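Beneath this line is the structure, given in structure tokens, with notes to follow.
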Amino acid sequence: MPWPWTKQKQRASEGKASARNRRCVLLRAVIRLVIWLASPIFSMLKHILDALKRILNALNHTLNVVKQLFGVLGSSGLAVLLAGFILHSLLSVLINTKMSEHPLTDKFDPECPPNYRHYPNYERVLGMGERLYPTLSQPNPTVDRYYKRALKCWHPDKLARHPGLHRDSNADRQLMQEIFAIITDARDKLKAGGPTFPRGIGTELIHTSAYWNTTLPTTVALYNNSEPCGFKSAWRNFVVARPEPESESDFGKYHSCNLAIAVGRLRFAYTHTPPGPHLFWNSQDLGWAPGDVMYWLYGTSMGMSGLQSAQSFSYDKKKRLIKTGWFSFHDFPADTAYGGALYDEVQDKKRAAVEEVMEEYKKDSGAELNESLKCKECSRPRTR
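In our numbering, each residue carries its 1-based index in the sequence shown increased by 20.
In structure tokens, the structure reads:
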């Protein structure tokens, strides 16, 4: 039988061992928690180090290529790189030259560029790209779309949208009225091609029209430069380095044209080409210049889309052509005659036009009737 103090020593040693085991378990749990929390940081640091390593390898590869290039070309390689840097600088200066399209715009809403300043060019008034050829104008739906977009900024009711214009100012109200007249006149002139529009509306000198010189006397001096913005004009403006106008009266000598505007004109022409069967592709405007050949190849899909006549198209395709505005019902007389495939559409269009006229007449007659009733009420003797 063991002595009592022996059992006490055994219990004390067991208690110390259990406490030591608990501390070890707690320490292992803390270490695991720290590793679990720090693992994303370690992985992120690893990715960063890998990315830096790849960047250093790429730089090393680039330096080796440059060394090999200079080893092959010698001093001429340095000259080529220097010439490329100078050419890049010149092109950036040419693109960002001071001949901006909308100078003196502090008093207007930044989202409303004052295209009306370019009134000699109807397309630029509505924010469209200038035509590449005299007889190639955009169809009526495109003109109406840009006209509605312009009215969101330049309708007389939108005067409060511009921070530099005041409703109480008679001059500002007159300015908005003139801008509205300019935009509306540009829309009407672009749509003045008749039923077969836009087969060609000619090359009328815009600034000599009677409407121009009689209706807008206060703004005539601002619009006397109708030269289209091409690459030659952009280069000439870059060489001359004309300054921007400092006042409204300086616009008479100003031609806003730079490389960016010329490229935008070309981009608009390529994104708004007439369909392949259109008569423009057979007109005399297209010659054998490289630009004309490229435009013809692009617009006619290498000449394939112009092989088939529009008269031989299906009913649905004819309707799509008419919807685009490049063709009209008058281009398909056999289909619009009685019994033709498009006869019902023509009749529906006529009925819609008649109904529109009748609605306007009812509104006008109703307004006149209300005015007459008001006058009768005014003239009637008052009774107590």
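All C-beta atoms in this analysis are idealised placements derived from N, C-alpha and C, irrespective of residue type, glycine included.
From a predicted model like this one, the values you see are computed outputs, not experimental measurements.
Under DSSP, the alpha helix (DSSP H) around residue i begins and ends at which residues?
i, result
"C277", "Unbroken run through C277: none, as it is neither H nor E."
"A254", "F251 to V260"
"K209", "N190 to L210"
Distance cutoff 8 Å, beta carbons only. Does residue i sit that close to anything in chain B?
i, result
"T293", "Absent from the structure is chain B; it holds one protein chain and no more."
One question on the structure: do residue i and residue j come within less than 8 Å of each other, judged by their Cβ atoms?
i, j, result
"V145", "A206", "yes"
"Y139", "I68", "no"
"H182", "F128", "yes"
"A330", "P297", "yes"
"P123", "E264", "yes"
"L341", "F349", "no"
"R137", "F271", "yes"
"G149", "R262", "no"
"A170", "G147", "yes"
"K339", "F352", "no"
"W308", "T320", "no"
I need the straight-line Cα distance from residue i to residue j, nearest angstrom please.
i, j, result
"P159", "K211", "8 Å"
"E131", "K273", "26 Å"
"E143", "Y153", "13 Å"
"N84", "A103", "22 Å"
"Y167", "N135", "12 Å"
"D70", "A58", "18 Å"
"A49", "I61", "19 Å"
"L279", "L195", "30 Å"
"N77", "L53", "37 Å"
"I163", "T204", "Per the sequence shown, residue 163 should be read as Val rather than Ile. When rounded, the distance between both Cα atoms is 11 Å."
"K369", "H292", "26 Å"
"R287", "A254", "16 Å"
"A372", "N257", "50 Å"
"R219", "I75", "Low local confidence applies: a pLDDT of 44 at R219 is under 50, so the model's placement there is unreliable, with the coordinate-based value given in what follows. Going from the Cα of R219 to the Cα of I75 covers about 59 Å."
"V313", "L299", "16 Å"
"D305", "A99", "44 Å"
"D177", "E376", "24 Å"
"R42", "K73", "45 Å"
"K199", "I106", "According to the sequence displayed, residue 199 carries Ile and not Lys. So the two alpha carbons sit approximately 43 Å from each other."
"N190", "E266", "23 Å"
"Q197", "D364", "41 Å"
"Y358", "Q367", "10 Å"
"W174", "H186", "14 Å"
"K87", "L79", "12 Å"
"T125", "P310", "38 Å"
"F251", "K172", "31 Å"
"C44", "S38", "10 Å"
"M64", "I51", "20 Å"
"K383", "Y318", "48 Å"
"N47", "W56", "The sequence given here has Leu at residue 47, not Asn. Answer to the nearest angstrom: the Cα atoms are 14 Å apart."
"V374", "Y381", "10 Å"
"M378", "D208", "23 Å"
"E247", "Y315", "21 Å"
"F333", "M322", "19 Å"
"P133", "N141", "15 Å"
"K66", "R165", "55 Å"
Since I believe residue j is in contact with residue i (beta carbons under 8 Å), could you give me their beta-carbon distance rounded to a whole number of angstroms?
i, j, result
"C249", "A282", "5 Å"
"T356", "P161", "T356 to P161, Cβ: 19 Å. No contact."
"L179", "D188", "Contact flag wrong, Cβ pair sits at about 10 Å."
"S120", "S276", "6 Å"
"T155", "S325", "Contact flag wrong, Cβ pair sits at about 20 Å."
"Y335", "A354", "Actually they are not in contact, since the Cβ atoms of Y335 and A354 sit about 12 Å apart, beyond 8 Å."
Alpha helix (DSSP H) runs wholly inside the region 130-178, at least 4 long, in chain order: Annotation note: the region 130-178 contains the following uninterrupted alpha helix (DSSP H) runs of length 4 or greater, listed N- to C-terminal: 142-145 and 160-174.
At what residue ranges does the region 275-362 contain a whole run of the alpha helix (DSSP H), taking only runs of 4 or more? As summarised for the region 275-362, the continuous alpha helix (DSSP H) elements at least 4 residues long and confined to that stretch are 279-291, 310-319, 335-344 and 353-356, given in chain order.
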